[in-house]
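First comes the structure, then the notes that go with it.
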Amino acid sequence: MRKKLIWFYLFLNALLFGCGGDKVGSGDEDQTDNIDEIVVTIEAIDSMWVSGPENVITSWNNQLLIPSSSGLLTINLDENGFIDRTHLYVESPFPLFEVQNNILAAHDTNKIIFYSYDGIELDELSRTDEQALRQVPFTSGNDCFYWVTTMSATPFSNTVWEACNVDSGLDSNIVVSSDTFITSIISLPDDRLITVGKGELNTLVSLYKKQGESYQLLSTVREPKTWSVLDLEYRDNYIYIDSGPSDNPDFLGEGGLVRFSLAGDIIANKTKLSGIITDNANYDHLAFSPHGIILGNDKKIVHFLIDSQGKVEKIVSADVANSVASIFVKGNYIITVLRAPPSSFSSNQTEPTGVYIYSLNSVM
810 MRKKLIWFYL FLNALLFGCG GDKVGSGDED QTDNIDEIVV TIEAIDSMWV SGPENVITSW
870 NNQLLIPSSS GLLTINLDEN GFIDRTHLYV ESPFPLFEVQ NNILAAHDTN KIIFYSYDGI
930 ELDELSRTDE QALRQVPFTS GNDCFYWVTT MSATPFSNTV WEACNVDSGL DSNIVVSSDT
990 FITSIISLPD DRLITVGKGE LNTLVSLYKK QGESYQLLST VREPKTWSVL DLEYRDNYIY
1050 IDSGPSDNPD FLGEGGLVRF SLAGDIIANK TKLSGIITDN ANYDHLAFSP HGIILGNDKK
1110 IVHFLIDSQG KVEKIVSADV ANSVASIFVK GNYIITVLRA PPSSFSSNQT EPTGVYIYSL
1170 NSVM
């Protein structure tokens, strides 16, 4: 009888948790059920027009870097959050940039172009050979850049490339090969890497760790195939994922802001922080503040204030003039790019668009 109980226990564990760190997504713990959302009114400090359908904001020292269809736009703010200086590098009209130290990487249609940058001069260093690049925001960390390509023979199988800054220049090679259609990646500061990919039956969130020249798979969580990742960010051994369903609108309530723990190199403890995402565009919805994380949810900014134990203490939200295409926190200011959501493309809506700057203190 004891042997039967042991075998039943092992079978039950395998059924619930899978093998080799593989785990099937299950019911979410909702951490914000008993927290009332505080709604405030905010006004933009300053704004300016920027061209292009997607403008993922990043920064270099005190400059904001915003890609546009006209070129790379740089913005400096004064001490009160007003736009002080701008410059447009018209020779670099690429949709996605990643910056690390004094190197900028631009995501062109079929290649990655690397530039040196000192805040004034933008000089090309090198470029990759032509590749079947996926239009996936890329990532950087530990003096390396990472991006996604499609395998030509099997387009639903993807590879992650790494280019590291070494003495001889930027050396690139494949570090992850996956039989999933990768939609998001993020590099973690301790030689770990997260990928999100669409499999035949599920959406897979996978954690890798660098071992020598490649990355080894440590843990995978399986979510429903309709679960679609819009953005992801990492802080303090938690991965935050802004998710929505693949159908629009979200009738089943599958979308929302969720968090996983990465302690012990295992993806675990899924927690839901916010409910339905109403705008499913693949934009840059998440930004960390010194006090928590900010979600750009359709025409709203939602600030989750989180204590040192990872518990949500307070939620403050404010309406903004249009859908949040990209959001970034710099000092005491929230920088957004506002765009009309996909649902408005056929309705001739004309809400304000472009760069809008708000005070972080207004959503505290």
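In our numbering, the protein residues as written are 810 to 1173. Where a beta carbon is used, it is the ideal one built from N, C-alpha and C, also for glycine.
### Query
Thinking just about the alpha-carbon of each residue, which of V1038, G890, V848 is nearest to the one in T1145?
For the purposes of this step, residue 1145 is taken as the residue at position 336 of the sequence shown. It is G890.
### Message
Here's a check: name, in chain order, each residue in its chain whose Cβ is nearer than 6 Å to the Cβ of L881, leaving out the five neighbours to either side.
### Response
The residue you call residue 881 lines up with position 72 of the sequence shown. Y898, S901.
### Task
Taking only the alpha-carbon atoms, compute the straight-line gap between L1013 and L1147 and give it to the nearest angstrom.
Within the sequence shown, numbered from 1, the residue matching residue 1013 stands at position 204. Within the sequence shown, numbered from 1, the residue matching residue 1147 stands at position 338. Whole-angstrom Cα-Cα distance: 30 Å.
#### Entry: Straight-line Cα distance separating L1066 from N1078
Taking the first residue of the sequence shown as 1, we reach residue 1078 at position 269. Taking the first residue of the sequence shown as 1, we reach residue 1066 at position 257. So the two alpha carbons sit approximately 14 Å from each other.
### Task
Pull up the DSSP beta-bridge partners for L882, would you.
Locating residue 882 in the sequence shown gives position 73, where the first residue counts as 1. In DSSP, L882 forms a bridge with I875, L897.
### Query
How many angstroms separate the CA atom of Y1165 from the CA atom of F1137?
In the sequence shown, the residue the question calls residue 1165 occupies position 356. In the sequence shown, the residue the question calls residue 1137 occupies position 328. CA-CA distance, Y1165 to F1137, rounds to 11 Å.
### Task
Using the DSSP secondary-structure output, state which residues sit across from S987 in a beta bridge.
Mapped onto the sequence shown, residue 987 falls at position 178. Bridge partners of S987: N967.
### Query
Which class does V957 belong to by DSSP, given the choice of helix, strand or coil?
The count along the sequence shown starts at 1 and reaches residue 957 at position 148. For V957, the three-state secondary structure derived from DSSP is strand.
### C-alpha gap between D938 and A914, whole angstroms
Taking the sequence shown and counting its residues from 1, one reaches residue 938 at position 129. Taking the sequence shown and counting its residues from 1, one reaches residue 914 at position 105. Rounded to the nearest angstrom, the two C-alpha atoms are 14 Å apart.
### Query
If you drop the 5 nearest sequence neighbours on each side, which residues of the same chain put their C-beta closer than 7 Å to that of S878?
Position 69 of the sequence shown, counting from 1, holds the residue named residue 878. The answer, listed in chain order, is S860, G861, P902.
### Message
Is the beta carbon of F954 closer than 9 Å to that of R936?
### Response
As a working mapping, residue 936 is identified with position 127 in the sequence shown. As a working mapping, residue 954 is identified with position 145 in the sequence shown. No, these two residues do not count as a Cβ contact at 9 Å.
### Task
Quick one: grab the DSSP three-state call for S860.
For the purposes of this step, residue 860 is taken as residue 51 along the sequence shown, with counting starting at 1. Correct three-state label for S860: coil.
### Query
Can you check whether the CB of I994 is closer than 9 Å to the CB of V778?
Residue 778 is absent from the model: the chain starts at 810 and stops at 1173.
### Query
According to DSSP, what are the bridge partners of S1070?
For the purposes of this step, residue 1070 is taken as the residue at position 261 of the sequence shown. Paired residue(s): Y1047, A1077.
### Query
How close, in whole Å, do the beta carbons of I991 and V945 come, if the pair is a contact with beta carbons under 8 Å?
Against the sequence shown, residue 991 aligns to sequence position 182. Against the sequence shown, residue 945 aligns to sequence position 136. Cβ atoms of I991 and V945 come within 8 Å of each other, at about 7 Å.
### Query
Applying the criterion that 16 or more other CB atoms from any shown protein chain within 10 Å of the CB defines a buried residue, is S986 buried or exposed?
As a first step, residue 986 must be located in the sequence shown, where it is residue number 177. Burial check for S986: the Cβ neighbour count within 10 Å stays below 16, so the residue is exposed.
### Of the residues V908, I844, E1160, K1018, the one placed nearest L1071, counting alpha carbons only
Along the sequence shown, read from residue 1 onward, the residue named residue 1071 stands at position 262. For the options V908, I844, E1160, K1018, the alpha carbon positioned closest to that of L1071 is the one of K1018.
### Message
Out of H896, P904, T850, which one is the CA nearest neighbour of N864?
### Response
Translated into the one-based positions of the sequence shown, residue 864 becomes position 55. Checking every option, the nearest Cα to that of N864 belongs to P904.
### Query
What span of residues does the beta strand (DSSP E) with N889 cover, start to end?
Working through the sequence shown from its first residue, we reach residue 889 at position 80. That residue, N889, is in no beta strand (DSSP E); it is neither H nor E in DSSP.
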